[in-house]
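> So the sequence shown is numbered by the working numbering: it starts at 8 and just counts up by one. Dumping the structure here so I can ask a few things about it.
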Amino acid sequence: MDGKKLEYRGEEALKDIERLTTKADEVQKNILKEILTRNRETEYLAKYMKGSKDILEFKRSVPIITYMGIRPYIQRIANGEDSSLITGHPITEMLCSSGTSAGEPKMMPSIAEDLNRRTFLYNLIMPIMNQCVPGLDEGKAMYLYFIKAETSTPCGLPARAVLTSYYKSKHFKGRARDSFNDYTSPDQAILCNDSNQSMYCQLLAGLIHRHQVLRLGAVFASAFLRAISFLERNWVRLCNDIRTGQLDPAITDPNCLSCMSSMLSTPNPHLADEIERICSRSSWKGVLSHLWPRAKYIEAVVTGSMAQYIPSLGYYSDWKLPLVSTMYASSECYFGVNLKPLCDPADVAFTLMPNMGYFEFIPLGENGTMLMTVGEEEEVPNDKVLDLVQVRLGCYYELVVTTFAGLYRYRIGDVLQVTGFHNRAPQFRFICRRNVLLSIDNDKTNEEDLHKSITVAKKLLEPYNALLVEYTSYADTSTFPGHYVLYWEIIQLVQGSKPDDDHDGQLAAATHAVLLLDHHDEVLQECCIAVEEELDYIYRRCRAYDKCVGPLEIRVVAPGTFEKLMDLFIDQGGSINQYKTPRCIKSQAALKLLNSHVKASFFSPRDPKWFP
8 MDGKKLEYRG
18 EEALKDIERL
28 TTKADEVQKN
38 ILKEILTRNR
48 ETEYLAKYMK
58 GSKDILEFKR
68 SVPIITYMGI
78 RPYIQRIANG
88 EDSSLITGHP
98 ITEMLCSSGT
108 SAGEPKMMPS
118 IAEDLNRRTF
128 LYNLIMPIMN
138 QCVPGLDEGK
148 AMYLYFIKAE
158 TSTPCGLPAR
168 AVLTSYYKSK
178 HFKGRARDSF
188 NDYTSPDQAI
198 LCNDSNQSMY
208 CQLLAGLIHR
218 HQVLRLGAVF
228 ASAFLRAISF
238 LERNWVRLCN
248 DIRTGQLDPA
258 ITDPNCLSCM
268 SSMLSTPNPH
278 LADEIERICS
288 RSSWKGVLSH
298 LWPRAKYIEA
308 VVTGSMAQYI
318 PSLGYYSDWK
328 LPLVSTMYAS
338 SECYFGVNLK
348 PLCDPADVAF
358 TLMPNMGYFE
368 FIPLGENGTM
378 LMTVGEEEEV
388 PNDKVLDLVQ
398 VRLGCYYELV
408 VTTFAGLYRY
418 RIGDVLQVTG
428 FHNRAPQFRF
438 ICRRNVLLSI
448 DNDKTNEEDL
458 HKSITVAKKL
468 LEPYNALLVE
478 YTSYADTSTF
488 PGHYVLYWEI
498 IQLVQGSKPD
508 DDHDGQLAAA
518 THAVLLLDHH
528 DEVLQECCIA
538 VEEELDYIYR
548 RCRAYDKCVG
558 PLEIRVVAPG
568 TFEKLMDLFI
578 DQGGSINQYK
588 TPRCIKSQAA
598 LKLLNSHVKA
608 SFFSPRDPKW
618 FP
């Protein structure tokens, strides 16, 4: 594609943003009218609206729901009933969300035209970036993309991750091969089902083209750091491939063999020596800037739970490469783009594009203060939600979406804060997932699930006359892969005592608890794996299959540690009357206190069970 056509396409994309955001209210009303016109005869909508397509009737009668409200319909379609239960168009696949229901991945319905909407949003990114970083058409992008194993529903519909769906679609594979979409990774490597072979080949391609790379990235910051960790372990092999012009024999996937063998057709010892000099340094601080000296930024999601990886990315780039979050999306719906991509990661805000779905908002707080969150099963009155153009600056909201594919007034679970407006479209800062306590990668563990898991695991202490009296948790990303850390305070019961006996008597014997447990290392190790076995499907997949989460760790702290923790929070202004032990620790001072009282540490001895 020639330069003039590319320039025209970019200008048109920017005009689309202005047109849609200027008429955000009108666009939203038209989207909802179209959804209701298409889907009014579905079983779900007919139950509440009896064939009407009136917007006011929709807002009066259709309830605001969580996944449990739509799950029975999705299960019926997955089992072979017609798509007309929820949508007027054939459902072509089920997208597996990172959230879970009853321990299994949530399945989100998707229709063929959803890929057009996702592609529309992707096509906005480069015109926005090119405004901020000129010259991106003069080199390549080293973007590390991966697919996940997919399954089928009982009736044969594909069940897969939204990104796997996109990368396997004609929209991705048949994309324009222009200078703005020139990736170092061959499609064959991206589409390889073996994540290790895919990673190896994509990094090899990125190293071969190191002097042409202008952009680095992956979808999530955690995935990019996983690639750096992989490179640390495998750079010698990669250099050998480049030096000899021969692909490592561990690469057996036929498509990877084909594309990488042609890329390695000529030995390049000079390039291999360059890479070896960089990778063999004692410190990898700034290694990204050395390996890819022309790179201008790193593109990855660094908002929400991914913000914990910003220091590590900064270290590996020596803080020379801006971190860019370009878009806001989920399995349920793609939402919006970042119009100021070079802003500080803490200031990232996404402009919701009003043509992507119909958006509503549950108010959570005003004047820059989040006053509350609404529990997942708590009913939300229909008259409490607001339209897209009704939200106010500084206020907090939970996002609700209605889609063409059959989700109606569905609570996404994301908490957002309005930071500004672009024309009439609000711009939101992502605050957090509702009720999520711990997250390393795609895993999202809430307080209830953690408590249930620990309740099961702590029973293993009972035969040893030991009692778990208090606990908290922390997502440790100081090493890669990151892992969950549980801080447990354990007391040894006096022989014959019960958990409700005199607490002072228990504490008198508590000093012996760690000493006694030292002789039963396997008990605490089994507690670790017992917790993991009880956590949800996504966590267990991340641990056992994706290997993007490390073994869970229990750190046993000295008796009285949690009293000191309470003192710390009260000294910082907390109320002794309202104090509750935080089930997840964010405060560096609190972590320092807990770690200073650790007497023993134990890790899961094996992976938890996981089956696709």
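All C-beta atoms, glycine included, are put in the ideal place defined by N, C-alpha and C. The structure displayed is predicted, hence computed values, not measured ones.
Does the region 121-135 come close enough to the region 68-76 that 3 or more CB-CB pairs lie under 8 angstroms?
No: the two stretches stay apart, fewer than three of their Cβ pairs being nearer than 8 angstroms.
> Could you give the residue range of the alpha helix (DSSP H) that holds E239?
Looking at the DSSP string, the run of the alpha helix (DSSP H) that includes E239 is A228 to T251.
> Kindly identify the DSSP beta-bridge partner or partners of Y55.
Partner(s): none; Y55 has no beta bridge.
> Return the chain-ordered ranges of every alpha helix (DSSP H) run that is complete within the region 104-154 and spans a minimum of 4 residues.
The qualifying runs are 121-139.
> Hey, could you find the ends of the alpha helix (DSSP H) P318 is sitting in?
First-last of the alpha helix (DSSP H) with P318: I317 to S324.
> Hey, out of P97, C402, M206 and H178, whose CA is closest to G427's CA?
Here the closest residue by C-alpha is C402.
> Under a three-way DSSP split, which group does F618 fall into?
If DSSP states are grouped into helix, strand and coil, F618 belongs with coil.
> How big is the Cα-Cα spacing for K616 and Y471?
Each residue's alpha carbon lies about 26 angstroms from the other.
> State yes or no: is the C-beta of A166 within less than 8 angstroms of the C-beta of M101?
Contact: yes.
> To the nearest angstrom, how far is the alpha carbon of P506 from that of L371?
Confidence at P506 is low in this model, with a pLDDT of 41, below 50, so its placement is unreliable and the value that follows should be read with caution. Rounded to the nearest angstrom, the two C-alpha atoms are 40 angstroms apart.
> According to the Cβ coordinates, are F487 and L232 closer than 8 angstroms?
Yes, they are a contact pair.
> Specify the secondary structure class of I93 as computed by DSSP and reduced to three states.
Reduced to three states, the DSSP call for I93 is coil.
> In whole angstroms, what is the alpha-carbon distance linking A279 and A212?
Approximately 13 angstroms between the Cα atoms of the pair.
> Beta-carbon of E25 versus every beta-carbon of chain D: anything under 8 angstroms?
Although the question refers to chain D, the structure presented lacks it and comprises just one protein chain.
> Would you mind sorting A473 into buried or exposed? The rule is 16 or more other CB atoms within 10 Å of its CB.
When all chains shown are included, A473 counts as buried.
> Assuming Q424 is part of the beta strand (DSSP E), what are its boundary residues?
Y417 to H429 is the span of the beta strand (DSSP E), which, as asked, contains Q424.
> Hey, how far is the Cα of W495 from the Cα of A551?
W495 and A551: Cα-Cα distance of roughly 24 angstroms.
> For K466, name the three-state secondary structure that DSSP assigns.
Helix.
> Where G95 and Y478 are concerned, what is the direct C-alpha to C-alpha distance, given to the nearest angstrom?
C-alpha separation (whole angstroms): 49 angstroms.
> Under a Cβ-count criterion, where at least 16 other Cβ atoms within 10 Å of its own Cβ denotes burial, should T462 be classed as buried or exposed?
Exposed.
> Considering only their Cβ atoms, is the gap separating F569 from T588 smaller than 8 angstroms?
Yes. Within cutoff.
> Which residue marks the beginning of the alpha helix (DSSP H) containing K451, and which one marks its end?
Looking at the DSSP string, K451 is not in any alpha helix (DSSP H), and its letter there is neither H nor E.
> How far does the alpha helix (DSSP H) with M270 in it extend, from its first residue to its last?
P261 to M270 is the extent of the alpha helix (DSSP H) around M270.
> Anyone know if the C-beta pair for I282 and C208 falls short of 8 angstroms?
No. Outside cutoff.
> Sorted by chain position, which residues of the same chain lie with C-beta nearer than 7 angstroms to L575's C-beta, five sequence neighbours on each side aside?
Counting only Cβ-Cβ distances below 7 angstroms, and skipping sequence neighbours, we find A596, A597 and L600.
> Output the distance between the C-alpha atoms of A109 and N130, rounded to the nearest integer angstrom.
Because the pLDDT at A109 is just 49, under 50, the model does not fix this residue reliably, and the point stays unresolved.
> Pull up the distance between the alpha-carbon of R440 and that of I536, whole angstroms please.
The straight-line gap from Cα to Cα measures roughly 26 angstroms.
> How should V407 be labelled, buried or exposed, when 16 other C-beta atoms within 10 angstroms of its C-beta is the threshold for buried?
Buried: at least 16 other Cβ atoms inside 10 Å.
> Check whether the Cβ atoms of I447 and H490 sit closer than 8 angstroms, and answer yes or no.
Against a cut-off of 8 angstroms, the Cβ pair of H490 and I447 comes out as a contact.
> Taking the C-alpha atoms as reference points, what is the distance between K303 and I497?
The alpha-carbon atoms of K303 and I497 are separated by roughly 50 angstroms.
> May I ask which residues mark the beginning and end of the alpha helix (DSSP H) holding A482?
Counting along the chain, A482 falls outside any alpha helix (DSSP H), though it belongs to the beta strand (DSSP E) covering A473 to D483.
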